[in-house]
């Protein structure tokens, strides 16, 4: 159940103890709740400070949208698929499987040498692919030179908290899971539109200029929504292609494997939705849609596992739920707090990187995903609990 955050114009409903929210994040939420266009805000239990808008916030606006409330990784989200494999099918040494995944899917700043044609990857939905790429020509002029890079990055992971995992559920069934978004092209589009929004006269007196909005029926809003929806589609296609490549790696290793229908969900995006008869632009920054029956994915960290969930359709939360455990400390603080020995201990039993380059992703830098789930039982029900045995990080 939620608690109202005091001191806001629009209702800010919080699915955690407001006293546990870091002061910087609480200030952000009050700033958001004071905006004249905001109908309401739902704050997820994984809430933490972010640039402009708080990570773990669902912001519903009338006739307006804030590009910083989406974030720079437009369309970032999760995909997962259950396989026919069981734990008994996996080899004792998972190192070669991890290596094959890393060979097939570029991570970090790496790209494919050439653009991968999704039509040549088994199981990838390519409907509308040509029209999608034609849409690139209509994007913000500042990204026109990035067409080749965007093509080569389709089907790549990136870095930070993005990952590819082989997981086991509580019955021993093997799942594949991944987390990624719109790569560099989404970031470039977002930053350009955030910069435009900051210059608009109606944003001059905002408590935080990073919350600058576009207003409906303006050229700036039209341009942003065009680019936003294209980037969200890029993110969806990026995950779909990665999952197809991931599945092929597993087919090569286990010839008789089959796969269920994938589950996929954005958690940094904008959606047009109606509540109480009012048409709203709902921004989820670090939150998933959890409408009645919607399947979603809530990851923990690289050592604690993840959950497949089904939405309960709670309108108080704008049909939303958390997108993960959420960070409890910054990357800089994590690097100062933990060592590679700590990382090795906290990821025991997981085939993954255990070097200084991923210490900021150590499980101890994240909130307790079990507690996060316990705080939103009115938003989702648990379908499956997964624990990773292989984790690939950028």
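In our numbering, the protein residues as written are 865 to 1258. Ideal Cβ placement from N, Cα and C applies to all residues, glycine included.
It is roughly 15 Å from the alpha-carbon of residue 965 to the alpha-carbon of residue 1214. Distance check between residue 885 and each of 1252, 1231, 1238, 1243 places 1231 closest, using alpha-carbon atoms only. For residue 1151, the enclosing beta strand (DSSP E) stretches over residues 1151-1153. For residue 1016, the enclosing alpha helix (DSSP H) begins and ends at 1011-1017.
Pairing residue 894 with residue 911, the inter-Cα distance amounts to about 14 Å. Within the DSSP secondary-structure output, residue 1042 pairs in a beta bridge with 943, 1028. Across the set 865, 1027, 905, 900, the C-alpha of 905 shows the shortest separation from the C-alpha of residue 876. With a threshold of 16 other beta carbon atoms within 10 Å, residue 1257 meets it and is buried.
In the three-state reduction of the DSSP assignment, residue 1090 falls in the helix class, which pools H, G and I. Note: residue 1248 is bridge-paired with 1172 in the DSSP secondary-structure output.
1057 is the residue among 1023, 983, 1057, 897 whose C-alpha sits nearest the C-alpha of residue 1003. Under the three-state reduction of DSSP, residue 1098 is assigned to helix.
When the five nearest sequence neighbours on each side are left out, no beta carbon in the same chain lies closer than 8 Å to the beta carbon of residue 1009. Taking 8 Å as the cut-off, the Cβ atoms of residue 931 and residue 1093 do not count as close.
One thing to note: residue 1154 has its Cβ within 8 Å of the Cβ of residue 1183. Taken atom to atom, the span from the alpha-carbon of residue 1193 to that of residue 1012 is near 36 Å. By the Cβ rule, the region 1243-1250 does not count as touching the region 1195-1214, because fewer than three pairs are nearer than 8 Å. Counting the other CB atoms within 10 Å of its CB gives residue 865 a total below 16, which places it among the exposed residues.
Nearest to residue 951 by alpha-carbon distance, out of 941, 1039, 868, 1080, is 1039. Straight-line spacing of the CA atoms in residue 1255 and residue 1137 works out to 35 Å.
Remark: C-beta atoms of residue 1189 and residue 1233 approach each other more closely than 8 Å. Here residue 1164 is actually not in contact with residue 1187; their C-beta atoms are around 11 Å apart, not less than 8 Å. Take the alpha-carbon of residue 1080 and the one of residue 1209: they are about 51 Å apart. Taken in chain order, the unbroken stretches of alpha helix (DSSP H) that lie wholly in the region 941-1002 and span 4 residues or more are 959-968, 993-998. Nearest neighbour of residue 1105 by Cα position, chosen from 978, 989, 1227, 929, turns out to be 989. For residue 1160, the enclosing beta strand (DSSP E) starts and ends at 1159-1163. In the structure shown, the three-state DSSP call for residue 1136 is strand.
The Cβ neighbour count for residue 1185, taken over all protein chains shown within 10 Å, is at least 16; the residue is labelled buried. Beta-bridge analysis with DSSP links residue 923 to 905, 1147. According to the DSSP assignment, residue 877 belongs to the beta strand (DSSP E) that extends over 876-878. In the three-state DSSP reduction, residue 1185 falls in the strand class (E or B). The DSSP-derived three-state label of residue 1205 is helix.
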